[in-house]
Amino acid sequence: MKQFRSMAYPYVAWISVLIVIPMLLIIAYAFTVEGTAFFQGQFTLANFARFFSDAVFIQVLLRSLRVAILTTIVCLLLGYPAAYAIARAGKRSTFLILVITLPTWINMLVRTYAWVGILQDDGLLNHLLGLFGIGPLQMMYTDFAVVLGMVYNFLPFMILEIHTSLSKMDPSFLEAASDLGANRTQAFLRVTLPMSVPGIVSGITLVFLPAVSSFFIPKLLGGGQYVLIGNVIESQFLTSGNWSFGSALSLIMAIIIMLSMFLTRRLDRNRGIDV
Amino acid sequence: MKHRWLSAILGGTLLLSLLAGCGGPGTEFDGTNKSSGNSDTLKIYNWGEYTGEDLIDNFEEEYDCHVIMEYFDSNEMMYTKISAGDSYDVLIPSDYMIERLMKENYLQPLDKEIITNIDLLADDCRGLDYDPENTYSIPYFWGSVGIVYNKNTVSRDDLEREGWNILTDTKYAGRLYLYDSERDSFMMALKALGYSMNTDNEDEINAAYEWLCNVNDTMQPVYVTDEIIDNMINGIKDIGIVYSGDAAYILSENPDMGYYCPDQGTNIWSDAMVIPKNASNPELANLFINYVLTYDASMDNTETVGYTSSNADVMADAYGEGGIYEGNEAYIPRSGCEKDEVFRDNEVLRKKLSELWIKVKAK
Chain A
-6 MKQFRSMAYP
4 YVAWISVLIV
14 IPMLLIIAYA
24 FTVEGTAFFQ
34 GQFTLANFAR
44 FFSDAVFIQV
54 LLRSLRVAIL
64 TTIVCLLLGY
74 PAAYAIARAG
84 KRSTFLILVI
94 TLPTWINMLV
104 RTYAWVGILQ
114 DDGLLNHLLG
124 LFGIGPLQMM
134 YTDFAVVLGM
144 VYNFLPFMIL
154 EIHTSLSKMD
164 PSFLEAASDL
174 GANRTQAFLR
184 VTLPMSVPGI
194 VSGITLVFLP
204 AVSSFFIPKL
214 LGGGQYVLIG
224 NVIESQFLTS
234 GNWSFGSALS
244 LIMAIIIMLS
254 MFLTRRLDRN
264 RGIDV
Chain B
339 MKHRWLSAIL
349 GGTLLLSLLA
359 GCGGPGTEFD
369 GTNKSSGNSD
379 TLKIYNWGEY
389 TGEDLIDNFE
399 EEYDCHVIME
409 YFDSNEMMYT
419 KISAGDSYDV
429 LIPSDYMIER
439 LMKENYLQPL
449 DKEIITNIDL
459 LADDCRGLDY
469 DPENTYSIPY
479 FWGSVGIVYN
489 KNTVSRDDLE
499 REGWNILTDT
509 KYAGRLYLYD
519 SERDSFMMAL
529 KALGYSMNTD
539 NEDEINAAYE
549 WLCNVNDTMQ
559 PVYVTDEIID
569 NMINGIKDIG
579 IVYSGDAAYI
589 LSENPDMGYY
599 CPDQGTNIWS
609 DAMVIPKNAS
619 NPELANLFIN
629 YVLTYDASMD
639 NTETVGYTSS
649 NADVMADAYG
659 EGGIYEGNEA
669 YIPRSGCEKD
679 EVFRDNEVLR
689 KKLSELWIKV
699 KAK
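Respectively, the protein sequence lines represent chains A and B. If you count by our numbering, then the first sequence holds residues -6 to 268, one letter each, in order. If you count by our numbering, then the second sequence holds residues 339 to 701, one letter each, in order.
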């Protein structure tokens, strides 16, 4: 295997230039005094103090976590049955996977803009509801619109991950389960579900991460008053020009994400062995 | 002052900057690839959807050069790039940002030998306070900030009596759009309270903050950016805070809409062309500025974009009989209201506002 090791070098170079160096810059900015000027050199904890001393920022953070968790749960509830059905669809599953990934061929921003047209007060959905004498309902600029936008954008990740782990499963396990007298529900709960936990965990990771830091979905579907942590970070860089505070926020976010990933991974390991 | 097609532009610039970052200087790529055979390139940094349909093509043809246009969607975004050392030949930022760029020594004086068309400028946008001799800047578009309202559902009496305070009149709760910009929002709050929008008095700023919080808590406003244009045309809400140029367009598309600038005063703004110190082709940049000032180019700009031209004749003709904005009350910014002000660069205010604005919205 040793002779293949050098093949990873391009990737190592790639991540160091595009991930490690920016991360180091973020850390450096987060601990220096405010501004966009590169390193005024003074060490400070003021950026973190500002975050923790102001209830507004904590509120924003909690709101972001709430929206991301809600999105993840909805994706899981919708995604698991879909992935299960696809994995059991035999020959047609390749086609079904194509259907799931089809929307991702189109740019995410454009797809999200489309929802504006569908959800707005005089939009498509309200016209349809109007035919049945309902509405018009205010759907834009609500929690509903934001969570819908996120679920729509991130659901394919959940389905693909769970599908991968389900389709890798050897069907003889299920045959063995039924030989031993398990009914279908028991077989699902005691064989299929535990074996798909790795897929669920990576699905949760792939949905939760972008959901918690997304800034354009809340901006488009939630309006400017729908402030999530991603929006605060964006505004620190693009309008306030306070890169240091923006970096401190990103760093706090990164730590929270790392912690939650660590916890999910543990769940994965425990479940995998226990059952 | 225009942020339409934010998404497309954002995506485009991201891709461009990625490519530029990888390729280094000399491999600029903008998809048109018209530059073959000619080394004269003019690099412009401008708002999205802010130039006339044929202006760039005509300029390229007339001066046998190649124009690269990149877009920003806020002055601050532009500033960030300039302060990081990016080189452009012409920038088109707003007044207060030009003042800041001047103070911080980013600009070079214009060549008045080349820019002979300066005499065509309208009086109201010549020699503004931030650059009294037009040493560094030539206005491109200008206008005011006001209230677009539905004439059928909003009473003009209420508007005239309450001015900006109509935004606190609960009769209109749930029926208004605010522009998601800290400057414009604090401008109207400060004006509603009778203060200067360039104040650095903390008590006045805090009072404005309370005013905005009150609007936020009692009026269920929706904070939008350029969606406001289409949404007001479709009459989705009854009141919107809009730049006059966008208002002119809204009024021309939906005759139910009117435009009103409160007597409490408003912001008279201008976006102007400047040449940064590190421009690689200052001569062509000066030629371009001179070209924009011509009647035909300015007319093309104002017809396409809808903002008020800085060229006096174009302004008069577009508003006058047979003009594209004939009698449109939003097209000509008012002059003579003593309480109207121009934004000045003010570091205290700048920092305060960005902090307070998040709090207003996130509450």
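The C-beta atom is built at its ideal place from N, Cα and C for all residues, glycine as well.
C-alpha gap between residue i and residue j, whole angstroms
i	j	result
A241 of chain A	L63 of chain A	26 Å
N488 of chain B	K575 of chain B	8 Å
D220 of chain A	A422 of chain B	The identity of residue 220 of chain A in the sequence shown is Val, whereas the question assumes Asp. Roughly 28 Å between the two C-alpha positions.
C68 of chain A	F238 of chain A	32 Å
T105 of chain A	D427 of chain B	35 Å
S636 of chain B	V652 of chain B	7 Å
S207 of chain A	D568 of chain B	25 Å
Y474 of chain B	L439 of chain B	10 Å
P477 of chain B	S(-1) of chain A	58 Å
I90 of chain A	I79 of chain A	7 Å
I51 of chain A	R43 of chain A	11 Å
W236 of chain A	T178 of chain A	54 Å
I436 of chain B	V612 of chain B	8 Å
N572 of chain B	N592 of chain B	8 Å
G603 of chain B	C551 of chain B	21 Å
L102 of chain A	A21 of chain A	31 Å
P203 of chain A	G216 of chain A	19 Å
T642 of chain B	G390 of chain B	5 Å
F524 of chain B	L687 of chain B	10 Å
M340 of chain A	S158 of chain A	Chain A is shown from -6 up to 268; residue 340 of chain A falls before or after that span and cannot be answered.
A128 of chain A	I111 of chain A	Here residue 128 of chain A is Gly; the residue named in the question, Ala, does not match the sequence. Whole-angstrom Cα-Cα distance: 14 Å.
K419 of chain B	L445 of chain B	14 Å
L731 of chain B	S412 of chain B	A question about residue 731 of chain B goes unanswered here, because the residues of chain B that appear run from 339 up to 701.
I670 of chain B	L459 of chain B	14 Å
D538 of chain B	Y434 of chain B	15 Å
T563 of chain B	A6 of chain A	40 Å
M407 of chain B	F626 of chain B	13 Å
F278 of chain A	F147 of chain A	Residue 278 of chain A is absent from the model: chain A starts at -6 and stops at 268.
L466 of chain B	N472 of chain B	8 Å
T257 of chain A	V140 of chain A	22 Å
Under the three-state DSSP convention, the category residue i falls into
i	result
E408 of chain B	strand
E227 of chain A	helix
L130 of chain A	coil
P447 of chain B	coil
L353 of chain B	Its pLDDT being 45, under 50, L353 of chain B is placed unreliably by the model, and the measurement read from it follows with that caveat. In the structure shown, L353 of chain B sits in a helix (DSSP, three-state: H, G or I).
K381 of chain B	strand
S421 of chain B	helix
V686 of chain B	helix
D576 of chain B	coil
G661 of chain B	coil
G596 of chain B	strand
Y645 of chain B	coil
A610 of chain B	strand
Y561 of chain B	strand
F681 of chain B	coil
T365 of chain B	In this prediction, T365 of chain B scores a pLDDT of 37, lower than 50, which makes its location untrustworthy; the coordinate-derived value is nonetheless stated afterwards. Three-state DSSP puts T365 of chain B in coil, outside helix and strand.
F36 of chain A	strand
V428 of chain B	strand
Y388 of chain B	coil
N396 of chain B	helix
N616 of chain B	coil
N235 of chain A	coil
Expected contact under 8 Å - CB spacing of residue i and residue j to nearest Å
i	j	result
Y233 of chain A	S692 of chain B	According to the sequence displayed, residue 233 of chain A carries Ser and not Tyr. Yes, S233 of chain A and S692 of chain B are in contact; Cβ-Cβ is about 4 Å, under 8 Å.
G386 of chain B	Y409 of chain B	4 Å
W607 of chain B	W480 of chain B	7 Å
W502 of chain B	M526 of chain B	5 Å
V109 of chain A	M133 of chain A	7 Å
V53 of chain A	V225 of chain A	6 Å
G644 of chain B	Y587 of chain B	4 Å
Can you list, in chain order, the stretches of the alpha helix (DSSP H) that have 4 or more residues and sit fully within the segment 511 to 558 of chain B? 520 to 530, 540 to 557
Runs of beta strand (DSSP E) lying entirely within the segment 456 to 513 of chain B, each at least 3 residues, in chain order: 475 to 488
For the segment 115 to 146 of chain A, list every residue whose C-beta sits within 7 Å of some C-beta in chain B, in sequence order. D115, Y134
Chain-ordered residues of the segment 36 to 56 of chain A with a beta carbon less than 7 Å from chain B: V49, Q52, V53
Under 7 Å (Cβ pairs) to chain B, residues found in the segment 201 to 224 of chain A: G216, G217, Q218, V220
Between the segment 417 to 430 of chain B and chain A, which residues of the former have CB atoms less than 9 Å from a CB of the latter, in chain order? Y417, T418, S421, A422
Mind pulling the beta strand (DSSP E) runs of 3 or more residues that sit fully within the segment -5 to 27 of chain A? none
Just by C-beta distance, which residues in the segment 233 to 253 of chain A are closer than 8 Å to chain B? S233, G234, N235
Along the segment -2 to 25 of chain A, where does the CB come closer than 9 Å to a CB of chain B? Name the residues. none
Scan the segment 505 to 533 of chain B for residues whose Cβ lies nearer than 8 Å to a Cβ of chain A and list them as they occur along the chain. L516, D518, E520
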